[in-house]
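Inspection log for the structure reproduced underneath, given as structure tokens.
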Amino acid sequence: MKTRHVYSTPDLITVAAAMAAARGAGIEDTDLLLVARSDIELESIPDARKEADTDMMPAAVRGAGIGGAAGVLAGLVAVAVPAVGITLAGAAAIGFAGAMLGTWTSALMGSSLPDPIRVKFEDEIEAGRILLLVDGSEQALADAEPAILRTGATSLPFDSLAIMS
Numbered sequence: 003m004k005t006r007h008v009y010s011t012p013d014l015i016t017v018a019a020a021m022a023a024a025r026g027a028g029i030e031d032t033d034l035l036l037v038a039r040s041d042i043e044l045e046s047i048p049d050a051r052k053e054a055d056t057d058m059m060p061a062a063v064r065g066a067g068i069g070g071a072a073g074v075l076a077g078l079v080a081v082a083v084p085a086v087g088i089t090l091a092g093a094a095a096i097g098f099a100g101a102m103l104g105t106w107t108s109a110l111m112g113s114s115l116p117d118p119i120r121v122k123f124e125d126e127i128e129a130g131r132i133l134l135l136v137d138g139s140e141q142a143l144a145d146a147e148p149a150i151l152r153t154g155a156t157s158l159p160f161d162s163l164a165i166m167s
């Protein structure tokens, strides 16, 4: 399991140096993401580096579980009512349909939730600073932090999030 640390940098030169320092300390390139004001992101940051975190995947998983459970329950109720004429296979199909509907609707809702980093550090972003998000194990992050800070980056207070690796 990885966690995330957030650093603020004043410009593209500093963020490039901070990324190089993190890579030099053993952080993988794929574990480095950037967040900036939209005009900076459009002009200067490659798409592969942009953090576009949403709640889509966790919401989809929750929706599949809840929708599937609701669908199975509805199917079993339909089986219990002889006039409806639903078999156990029909109940399973209703459960599957409920899971699919729950996944779809929850994923749509989750994709519209704002990124918690953009919300928490809105003032930093609007001031034109570039945020460097570094994902890694606690030990890797502890090893990399001094090198990142030496570049002029500032560590921001953030409750580390568990990141799926």
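Note that this note's numbering has the sequence shown beginning at 3, numbered continuously upward.
C-beta atoms are modelled at their ideal positions from N, C-alpha and C, and glycine is treated no differently.
Asked                                                                                       : Found
Buried versus exposed, by CB contacts within 10 Å (16 or more), Gly130                      : exposed
Through-space distance from Gly70 to Asp49, alpha-carbon basis                              : Residue placement at Asp49 cannot be trusted, given a pLDDT of 49 that sits under 50; what the coordinates show is reported in the next sentence. In a straight line, the C-alpha of Asp49 is about 35 angstroms away from that of Gly70.
Beta-carbon proximity list for Leu158, same chain, < 6 angstroms, skipping 5 on both sides  : Val8, Ser10
Inside the region 105-154 only - beta strand (DSSP E) runs reaching at least 3 residues     : 132-138
Distance between beta carbons of Thr153 and Ala19, contact taken as under 8 angstroms       : 4 angstroms
N-terminal and C-terminal residue of the alpha helix (DSSP H) that Val17 is part of         : 14-26
Pick from Leu35, Ala22, Gly26, Val17 that is closest to Asp137, judged by C-alpha positions : Leu35
Thr107 versus Gly97: straight-line alpha-carbon distance, rounded                           : 15 angstroms
Burial state of Ile132, where buried means 16 or more other Cβ atoms lie within 10 Å        : buried
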